[in-house]
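>
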Amino acid sequence: MLTLANRITILRILMSPLVAVLLLYKQTGAALILFLLAGITDGLDGYIARRHGQRSALGVVLDPIADKLLLASAVIVLTVLKELPRWFTVIVVSRDFILLGGGLLMWMFIGKMSLPPRCSGRRPRSSRSSRSSWPCWTISFRCSPRRSRPRRWSPCSSRPPPAWIMSTAGPGSSAISKRTPMTFRSLAIQAVEPDSPAARAGVSAGGILVSLNGRPVEDPLALRFAETAAQVDLVWRGPDGTERRARIRKAEDLPLGLEVAPLTMQACNNRCRFCFAFQNPRGMRRALYFKDDDYRFSFLHGNFATLTNLTPAGMDRIIRERLSPLYVSVHATDRALRNRLLGNPAAPEILEQIARLARGRIRMHTQVVVCPGENDGEALARTLEDLAGFHPWVETVALVPVGLTRYRERLPVLRSADAFQARSLLKWLEPRRRRFLRDLGTRFAFPSDEYYLLAGRPFPSGGRYEGYPQLGNGVGGSRRFLDEFRRLARRLPAWVTPDCRVTVVTGALGGVLLRGAADRLNAIAGLRVDLLPVANAFFGGSVSCAGLLTGQDIVRALERRRRALGEAILIPSVSLKEDEDLFLDDMPLARLGERFGRPALRVDATASGLLEAIPRD
Ligand code: SF4
């Protein structure tokens, strides 16, 4: 069956001889109009094919033929009329026919046709538990999950990424894309779960999902949203290109059983002064340079998004599909200041966006990456007051110190927070938190753990974190670790047999917090726990978390203690790729063990993970 897109392409083919005839009869104006109309159909058929899932093998063949035919016929006739030099025509026509001939041969012999894309036609198209985590092993990065969802690292938090951000796909299997803003495409059906509602309706893998309940399906998130209904009108295109329909009645919330192409992560359109993606040395994994800003990942994984690339359709979708809560990078509510920090003069007014989301009953957790001398002081006070005006829809604001590496050539000069500034901020913030608690019923503004460590101040009690809503943003993980360790420590034995000695690797700040836990463990007879806080020479700057430790820095630190490493080296899981025992610099964990002649063990970065890793009777 001919699709609408194919019909438009055929129409363009038919226009070619007409253009030629009109040119021959010197009807230049009419020929030009027809040529322009043909050009419009070139964009139109590609758009319809993508928008309505009408991509087909026939279209892949016809589209370039129509393009070449139109161009070639016009050029040849103009040459006959001596309006163009012959050499020009020979070059243009021979190039097109060589490409077309080659493409047809490929199609005939291997079933594929690859031709250079045109500017307007069809183009090829190119993811921890919420338990307390080892403080300072996990402090200062934004990779932990919120609730049970795995959170992806985002350079938006201006904090170091966890080591697992080493592949294009973190938790889940999402890919990344440089395309921005978001573009629609039909969803390829990759697999159909046996005996699922979709399988029973006759859907098979290899087809294209056209619509659900009368609406095109933009991405897997839209599919998950639409398939919760008890009755689903499904339209799909089979592998043979035939459009099929089915009305599926099922239990509400029961998935259809369709596996579709994964979400493609959208790139951001900012150039933040503190973006971690700009502060990496050369030669790292591609994913470390990727700048994401995607409200869907904000909803799914708690990635912070600035919303500067949010389209009106995207805003409507958030509200329609109730993608709540969202995690929003605000940094400042003063528009000029925010745009300067974002390096994006065209960034929309964040307060208007937040107001719209609040009207749509979308809950938000926000963050401010605090850059001393830039958005602190009066600017921060205004930001907090503005955001508090949207409570309860804006539930929290996390205050996070800016993270700077030594790789900041050609970037604006920024200062990182020191102990004095950390103490000042905590002192400045506390009366405001008390006022918020009185007026709003919540402390509302939550400084990250790193501020307390830098300031050398004790962490607030667990209750003051009000349920740890920004745990994944480095807020409260240390307190949770301490509380969990204290609870578990009551069951620790008085001695272990045989004697055991282990080295525990952590980040520079981690040593401060883990010291108490290490002291408690060292009170156990026969057990010796040596902390090894590793300075981050690789990134330098103010980077002090375990999540950004490289194998080479750990090796250097271990070399200095080679004679007193004990029976095992414990490496926090956050220093390794999530799904593979690889450090950020691609060094395998096993190589560490081989080099030092003892097991190097990946240890869950929680209090229970640490205790479980220590051998005891
Ligand atoms: S440039 Fe983009 S990815 Fe980087 S911090 Fe800014 S918003 Fe986030």
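Each number in the numbering used here comes from the position in the sequence shown (counting from 1) with 834 added on.
Idealized CB from N, CA, C, for every residue including glycine.
None of these values were measured; they are calculated from a predicted model.
1. Hey, I1023 and A1033 are a contact pair by Cβ (cut 8 Å); roughly how many whole angstroms apart?
2. Count the other CB atoms, across all protein chains shown, that sit within 10 Å of the CB of K823; report buried if there are 16 or more and exposed otherwise.
3. If you draw a straight line from the C-alpha of G1290 to the C-alpha of P1367, how long is it?
4. What is the DSSP secondary structure of G1041, reduced to helix, strand or coil?
5. Taking only heavy atoms of the ligand SF4 into account, decide whether any of them is closer than 7 Å to the Cβ of G1125.
6. Name the one or two DSSP bridge partners that C1334 has.
7. Between which two residues does the alpha helix (DSSP H) containing R1190 stretch?
8. Can the beta-carbon of L1122 be found less than 8 Å from the beta-carbon of A1111?
9. In chain order, which beta strand (DSSP E) runs of at least 3 residues are fully inside the segment 1150-1229?
10. Assign R1120 to buried or exposed, taking buried as 16 or more other Cβ atoms, counted over all protein chains shown, within 10 Å of its Cβ.
11. Which same chain residues end up closer than 8 Å to I1196 when comparing Cβ atoms and leaving out the 5 residues on each side of it in sequence?
12. Going along the chain, which residues of its own chain have a beta-carbon closer than 6 Å to the beta-carbon of A1371, five neighbours each way excluded?
13. Measuring CA to CA, which of G1117, T1140 and M1118 is closest to D1128?
14. Kindly indicate which three-state DSSP category F1278 falls into: helix, strand or coil?
15. Does the Cβ of A997 have 16 or more other Cβ atoms within 10 Å, making it buried, or fewer, making it exposed?
16. Could you name the residues of the same chain whose beta carbon sits closer than 7 Å to that of G1048, not counting the 5 residues immediately before and after it, in chain order?
17. In the structure shown, what three-state DSSP assignment does E1446 receive?
18. List the endpoints of the continuous beta strand (DSSP E) containing P1406.
19. Cα separation between A1192 and I1184?
20. Do the segment 1283-1300 and the segment 1246-1257 meet, that is, are 3 or more Cβ pairs less than 8 Å apart?
21. Is it the case that the Cβ atoms of L1326 and L1348 are separated by a distance below 8 Å?
22. Could you check which residue in V1231, P1146, W1262 and L836 has the C-alpha nearest to that of L896?
23. Please report the residue range of the beta strand (DSSP E) in which L1068 lies.
24. Tell me, to the nearest whole angstrom, how far the beta carbon of R1071 is from that of E1077; I am working on the premise that it is less than 8 Å.
25. In the DSSP output, what is I1082 paired with across the bridge?
26. Between P1206 and the rest of its own chain, which residues show a CB-CB distance below 7 Å, the 5 nearest in sequence each way excluded?
27. Out of A1222, D1074, M1118 and R1105, state which residue places its alpha-carbon closest to the alpha-carbon of A1180.
28. For P1281, which residues in the same chain have their Cβ closer than 7 Å to its Cβ, ignoring the five residues on either side in sequence?
29. Exposed or buried, which one is C1146 when buried takes at least 16 other CB atoms within 10 Å?
30. Taking 8 Å as the threshold (C-beta atoms), are F1417 and R1396 in contact?
31. For S1312, count neighbouring Cβ atoms within 10 angstroms of its own Cβ and tell me buried if that reaches 16, exposed if not.
32. Count the other CB atoms within 10 Å of the CB of A1434; is the residue buried (16 or more) or exposed (fewer)?
33. Tell me whether D1438 sits in a helix, a strand or coil according to DSSP, three-state version.
34. Can you tell me whether DSSP reads T1239 as helix, strand or coil?
35. Residues in the same chain with beta-carbon distance under 6 Å from G887, minus the five sequence neighbours each way, listed in chain order, please.
From the atom records:
1. The count along the sequence shown starts at 1 and reaches residue 1023 at position 189. The count along the sequence shown starts at 1 and reaches residue 1033 at position 199. About 11 Å separates the two Cβ atoms, so there is no contact after all.
2. Absent from the model: residue 823. The displayed extent of the chain is 835 to 1451, so no value can be given.
3. As a working note, residue 1290 is residue 456 in the sequence shown. As a working note, residue 1367 is residue 533 in the sequence shown. Near 17 Å, if we compare the C-alpha coordinates of P1367 and G1290.
4. Taking the sequence shown and counting its residues from 1, one reaches residue 1041 at position 207. The answer is coil: DSSP assigns G1041 none of H, G, I, E or B.
5. Within the sequence shown, the letter at position 291 stands for residue 1125. In the sequence as presented, Gly is not what sits at residue 1125; that position holds Lys. Yes, the ligand SF4 has a heavy atom inside 7 Å of this Cβ.
6. Residue numbering aside, residue 1334 sits at position 500 when the sequence shown is read from its first letter. Per DSSP, L1361.
7. As a first step, residue 1190 is located in the sequence shown; it is residue number 356 there, counting from the start. Start and end: I1184 to R1193.
8. Taking the first residue of the sequence shown as position 1, residue 1122 is located at position 288. Taking the first residue of the sequence shown as position 1, residue 1111 is located at position 277. Taking 8 Å as the Cβ cut-off, L1122 and A1111 qualify as a contacting pair.
9. 1160-1163 and 1198-1204
10. For this step, residue 1120 is matched to residue 286 along the sequence shown. So R1120 ends up on the exposed side.
11. Counted from its first residue, the sequence shown places residue 1196 at position 362. Closer than 8 Å at the Cβ level, and outside the excluded window around I1196, lie I1152, I1153, R1156, L1157, S1158, P1159, L1160 and W1227.
12. Residue 1371 sits at position 537 when you count from the first residue of the sequence shown. D1387.
13. Here the question's residue 1128 lines up with position 294 in the sequence shown. Among G1117, T1140 and M1118, the Cα nearest to that of D1128 is on T1140.
14. Numbered from its first residue, the sequence shown carries residue 1278 at position 444. DSSP places F1278 in coil when its eight states are reduced to three.
15. As a working note, residue 997 is residue 163 in the sequence shown. Only weak support is given to the placement of A997: the predicted model assigns it a pLDDT of 31, under 50, and the question is left unresolved by the model.
16. Counting from 1 along the sequence shown, the entry for residue 1048 is found at position 214. Closer than 7 Å at Cβ, skipping near neighbours: D1067.
17. Here residue 1446 corresponds to residue number 612 of the sequence shown, with the count starting at 1. In this structure, E1446 counts as helix in the three-state DSSP scheme.
18. Within the sequence shown, residue 1406 is the residue found at index 572, counting from 1. Here the beta strand (DSSP E) through P1406 covers A1402 to P1406.
19. Translated into positions along the sequence shown, residue 1192 becomes position 358. Translated into positions along the sequence shown, residue 1184 becomes position 350. Cα to Cα, A1192 sits roughly 12 Å from I1184.
20. yes
21. Within the sequence shown, numbered from 1, the residue matching residue 1326 stands at position 492. Within the sequence shown, numbered from 1, the residue matching residue 1348 stands at position 514. Not closer than 8 Å, so no.
22. Mapped onto the sequence shown, residue 896 falls at position 62. When only C-alpha atoms are compared, the closest one is L836.
23. By 1-based counting over the sequence shown, the position of residue 1068 is 234. Residues Q1065 to R1071.
24. Here the question's residue 1071 lines up with position 237 in the sequence shown. Here the question's residue 1077 lines up with position 243 in the sequence shown. Yes, they are in contact, since the Cβ atoms of R1071 and E1077 sit about 5 Å apart, within 8 Å.
25. The sequence position of residue 1082 within the sequence shown is 248, counting from 1. According to DSSP, I1082 bridges with V1066.
26. For the purposes of this step, residue 1206 is taken as the residue at position 372 of the sequence shown. If we look at P1206 and ignore the five residues flanking it on each side, its Cβ neighbours are R1249, A1251 and Q1255.
27. Within the sequence shown, numbered from 1, the residue matching residue 1180 stands at position 346. Among A1222, D1074, M1118 and R1105, the Cα nearest to that of A1180 is on R1105.
28. For the purposes of this step, residue 1281 is identified with residue 447 of the sequence shown, where counting begins at 1. So the list reads L1233, L1259, L1260 and L1263, once near-sequence residues are dropped.
29. Locating residue 1146 in the sequence shown gives position 312, counting from the first residue. In the sequence under discussion, the amino acid at residue 1146 is Pro, which differs from the Cys named in the question. It counts as exposed.
30. The residue you call residue 1396 lines up with position 562 of the sequence shown. The residue you call residue 1417 lines up with position 583 of the sequence shown. Against a cut-off of 8 Å, the Cβ pair of F1417 and R1396 comes out as no contact.
31. The residue you call residue 1312 lines up with position 478 of the sequence shown. So S1312 counts as buried.
32. Locating residue 1434 in the sequence shown gives position 600, counting from the first residue. Result: buried.
33. As a position in the sequence shown, residue 1438 is number 604, starting the count at 1. Three-state result, D1438: coil.
34. As a first step, residue 1239 is located in the sequence shown; it is residue number 405 there, counting from the start. Three-state DSSP puts T1239 in coil, outside helix and strand.
35. Working through the sequence shown from its first residue, we reach residue 887 at position 53. Unreliable placement is indicated for G887, whose pLDDT of 48 sits below 50; the coordinate value is still reported in the next sentence. For G887, where only same-chain residues beyond five positions count, the Cβ hits under 6 Å are S1020, I1042, V1044 and R1071.
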